[in-house]
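Before any comments, here is the structure.
There are 2 protein chains.
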Amino acid sequence: MTPQHDVTPVPAAAIGAWDQEADVVIAGYGVAGAAAAVEAARAGADVLVLERTGAWGGAAAMAGGFIYLGGGTALQKACGFDDSVDNMAAFLNAAMGPGADENRIADYCAGSVEHFEWLSGCDVPFKAEFFGEPGWEPMGDQGLMYSGGENSYPFNTIATPAPRGHVPQMSNKKQGEASAGYMLMKPLVETATAAGARALYDVRVQRLIVESDGRVAGIQARRYGTDINIRARRGVVLATGSFAYNDAMVAQYAPRIAGRPAASIEQHDGQAIRMAQALGADLAHMDATEVAIFVDPQQLVRGILVNGLGQRFVAEDTYPGRIGQLTLYHQDNTAYLIIDGDSQEEAMAAPSPQLMMRPPTWVCDSVADLEQEMGLAPGCLQATVAAYNEAAGRGEDPLLHKKRQWLKPVGSPVGAIDLRESTGGFTLGGLQTTLDGEVLHVSGQPIPGLYAAGRSTAGLAAWGYASGVSLGDGSFYGRRAGGRAAKG
Amino acid sequence: MTPQHDVTPVPAAAIGAWDQEADVVIAGYGVAGAAAAVEAARAGADVLVLERTGAWGGAAAMAGGFIYLGGGTALQKACGFDDSVDNMAAFLNAAMGPGADENRIADYCAGSVEHFEWLSGCDVPFKAEFFGEPGWEPMGDQGLMYSGGENSYPFNTIATPAPRGHVPQMSNKKQGEASAGYMLMKPLVETATAAGARALYDVRVQRLIVESDGRVAGIQARRYGTDINIRARRGVVLATGSFAYNDAMVAQYAPRIAGRPAASIEQHDGQAIRMAQALGADLAHMDATEVAIFVDPQQLVRGILVNGLGQRFVAEDTYPGRIGQLTLYHQDNTAYLIIDGDSQEEAMAAPSPQLMMRPPTWVCDSVADLEQEMGLAPGCLQATVAAYNEAAGRGEDPLLHKKRQWLKPVGSPVGAIDLRESTGGFTLGGLQTTLDGEVLHVSGQPIPGLYAAGRSTAGLAAWGYASGVSLGDGSFYGRRAGGRAAKG
């Protein structure tokens, strides 16, 4: 268990002298903190960003860079895709639940086109090119991709498919090199700096400083072994990320993801959540997680995925993060990808970064032998493959509606990729906030002077996920929080 | 959404005069409150119990009355069953997870035999007779029953099966009449009263009263339209139950159970949780829920249960609450019970309260027709029934290991009972406490003067469940909280 540090609020009356002050003090210089800094500074506030590490970036700078946007952005249009606010909301309401907040989704969708313009206005570059292959990320510097299963069953029956994964353009993307998330963060931080936002690095926020009437007045932090007190004249914005790396919190709130944090950074220790909880802040959707499954989507679409009972359970051509969630939560983290020799070869030759390409764990001449070698119940996999093959031969998948282009009867030799315990991810739950980024007390009222955004808050996703939702709601509500805090 | 009342703590300095005082003040007179009252009073404390309704009882008095106990209780022995502390812990660690707290389970199991003696010493009556039929509760006044799938797959491969559902004896049980839970509560309250505990009814607790150093000093409550202040000289014990009836909290923390509270009472509005959260109390397992599926287990064991893809997913003869959880969470709340005419007749004639006996929604001559009528994907149910029948004919169930006694090929006519949206339940998450019932602050330290037990706390169950776990950990840790609070 992670030791919990003392997050008990400090009375403002106990502060002798302030070491730093600003109108708006932001904890964390990831995407939410940067967006908050831009908006607060542009609104005329004196802004100070406190960052725990030696540099800006946060998890965002390490991320694939997807920003989930739609409703008819300039990039969607330039790539030839139609979308509408209602259509985007219909998808998100279905894909981010159960438990997704319809009001927040409506708000986010309504502002999505403007938010794309705002990012472009901050010089975040996007190349008007669509990447249509199955994959976790574009292979090159393409700017748009399906990133949530919008064009797959069941979502393609709920809303008109439109790709909404907007990816900043790498000027010189090479495999394994810096990520597109860097190309989001660099211009945002430059914009914030140009607008006058200051930053202090190597500062670890510890406790909130509170007036006797409950108003948040600043932050106590640790820097080079010394406690420092930073006064926030108008407001504090918490943006220190998720709790994926706080073992105790994960055990309490999201035990399924315990021991398998991924696509996150060690600084995501839930500190902002705990600091606000100590003031009576409310939480939401703390069990929600993003889940990746460690296999290449080029393989997934060409195989059939079965659980420990040899049964299919999801269309293999949907968003791989959805496959990860269903595997971890609904299938006891047990899945096997059945793929024949030809399909495996085809996958290996397909456009893909190859990093997650997996060799088969078992290969046999027949499904009967494979089933036995895998230790599955006799007959279960044979029945599944027989039913799949019979329908695939007709170009149909009546059970799960995988798209016709990926339907082909499973032949021989046939392999199985062992995907047990092959998932990882990060937490999505956090502080309950208003659409203006005000942190809500359990009594239902905003805590005066306290704002939050990013993955320390409960955002768009309550249970499902789409790549780009975290950078999306982090930047979108980071702006809101910064703008609101600047008003004091 | 439920409007959230103001739960902001009241400074003790602001209290002019106390309307009531006691050494130990307990909020809620259900099972946890009653057990706390007994132990605090026996420890010499002056005890005052505040109850929102006009009478003691809480959800416990309405419940089936199961108390989950084992490790070799006198009742288990009298009924001829062997059990051990380790065996009980092995079962609970498997069945209450993922995320179950091994330390708490070890503690509970180690104290289980003594806790049975304590309940008996409070004159809670148990009849030394085992009820062995499938069912939610015993048909008569039998005192012991399997209540968590201990004798079913997979738990029967993890720990030696032993029944642990201990049921207080109704003196004159008739179908539909008062529940066994009443026979638990009546003697506990009488014992508390005899030990000197006082009670005040029609008191709705509102806010905690707190000293400037953070120590809880009392409770502010509402009685007949007036605020009253109750001083707790040694400690406050929160025992007001779950948040199953707080729509806003359910949406934030356990959205899957939204709109379907069951086996709970309207007073379970999460008030204790919110009052403690306002002081910075930590939470755990807020998404965990007990889930009932509304069908008679005598039908379940005789049929085969399939999901929306026509696939089996759980041994039909396990704990029906487990079937409910898997249906709601893993199968999108979609299940159908396939049962032939003979089996349905047999179920109807079996010992059962019949309350949850369901007629088939569809009946056909063949599985092919049934599948079509149900609107399932062509062939999926036929394949499932064919595989089941083939193995059942040999007395085997290689896929899910239903016990041999219930295996019989599905014949004609064949029906299906529509079990979509046929679940309901209550929430299991709540305040994070020590094994002594101290409420933990998010900093990891106990909040001075504040204790809690029962379903306002995170107890034994993190995700799974067994009937009797709530009355079990509520009474067990209610005692701890009361005893600890009495020490001040």
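Protein chains in written order, with my numbering: chain A, 139 to 626; chain B, 139 to 626.
For each residue, glycine too, the CB sits at the ideal point set by N, CA and C.
Buried versus exposed call for A:Y589 [16 or more other C-beta atoms within 10 Å across all chains shown]:
buried
Helix, strand or coil, according to DSSP, for B:G314 in the structure here?
Here the model assigns B:G314 a pLDDT of 49, short of 50, so the residue's position is not dependable and the matter cannot be decided.
To the nearest angstrom, report how far apart B:G131 and B:A330 are at their CA atoms.
Residue 131 of chain B cannot be examined here, being either before or after the span of chain B that is shown, 139 to 626.
Going by the CB atoms, is the gap between B:A426 and B:W601 shorter than 7 angstroms?
yes
From this set, B:R369, B:Q405, B:G448 and B:F381, which residue's C-alpha is nearest B:I555's C-alpha?
B:G448
Looking at C-beta atoms only, is the number of pairs between the segment 237–244 of chain B and the segment 187–204 of chain B that lie closer than 8 angstroms three or more?
no
Excluding sequence positions up to five away, which residues of its chain have a Cβ less than 7 angstroms from the Cβ of B:E484?
R440
I'd like to know whether the C-beta atoms of B:G287 and B:R450 end up nearer to each other than 7 angstroms.
no
Within 7 angstroms (strictly less), CB to CB, does A:R394 reach chain B?
yes
Contact check, A:I442 vs A:T465, beta carbons under 7 angstroms:
no
Go through its chain and collect everything with a Cβ distance to A:R617's Cβ below 6 angstroms, but skip five positions before and after it.
A173 and E177
Please check if any C-beta of chain A sits within less than 7 angstroms of the C-beta of B:A521.
yes
Compute every distance between the C-beta of B:E267 and the non-hydrogen atoms of the ligand GDP, then say whether any falls below 6 angstroms.
This structure lacks the ligand GDP; in fact it carries no ligand of any kind.
Rounded C-alpha distance that separates A:Q390 from A:A382
12 angstroms
May I ask you to list the residues that DSSP assigns as paired with A:A160?
A:A370
CB contact below 7 angstroms: A:G410 versus chain B
Looking at the sequence shown, residue 410 of chain A is not Gly but Ala. It does not: the Cβ of A:A410 has no partner Cβ on chain B nearer than 7 angstroms.
Checking contacts by CB at 7 angstroms: is A:G237 closer than that to chain B?
yes
Can you grab the Cα-Cα spacing for the pair B:K324 / B:L338, in whole Å?
17 angstroms
Enumerate in chain order the residues of its own chain whose CB-to-CB distance from B:L609 is below 8 angstroms, with the five nearest sequence positions on each side excluded.
V169, A198, A201, G203, F204, I205, Y206, G319 and L322
Closest by C-alpha distance to A:I403, when choosing among A:T295, A:G563 and A:V148:
A:G563
Our contact map puts A:M495 next to A:D434 with C-beta atoms below 8 angstroms; I'd like the distance itself, whole angstroms only.
5 angstroms
DSSP state of B:C217, grouped into three classes?
coil
Nearest to B:F110 by CA position, among B:W274, B:G281 and B:A488, is which residue?
Any question about residue 110 of chain B goes unanswered here, given that chain B covers just 139 to 626.
Evaluate contact between the segment 207–222 of chain A and the segment 251–266 of chain A, counting only Cβ atoms and requiring at least three cross-stretch pairs below 8 angstroms.
yes
Determine the closest residue to A:A152 out of A:V501, A:R394, A:V444 and A:S350, with distance taken between C-alpha atoms.
A:S350
Could you give the first and the last residue of the continuous beta strand (DSSP E) run that contains B:L588?
P584 to A590
Taking just the CA atoms, how far does B:A521 sit from A:V444?
16 angstroms
Comparing the C-beta of A:A581 with each C-beta of chain B, is any distance below 7 angstroms?
One point to set straight first is that residue 581 of chain A is Ser, not Ala, in the sequence displayed. Output row for A:S581: interface = yes.
With contact counted as at least three CB pairs below 8 angstroms, one residue from each stretch, are the segment 521–531 of chain A and the segment 510–526 of chain B in contact?
yes
Alpha carbons only, please: which of B:T499, B:G533 and B:L493 is nearest the one belonging to B:L479?
A quick correction: the sequence has Gly, not Leu, at residue 479 of chain B. Looking at the Cα atoms, B:T499 is the closest of the given residues.
Close Cβ partners of A:L326 (< 6 angstroms) along its chain, the five nearest in sequence each way excluded
A172 and C260
CB A:A355 to CB A:I366, shorter than 7 angstroms?
no
For B:C502 and chain A, any beta-carbon pair shorter than 7 angstroms?
no
Would you identify the three-state DSSP class for B:Y474, choosing helix, strand or coil?
strand
Would you check if the distance between the CB atom of B:A335 and the CB atom of B:A175 is smaller than 7 angstroms?
yes
Which residues bound the beta strand (DSSP E) around B:W500?
W500 to C502
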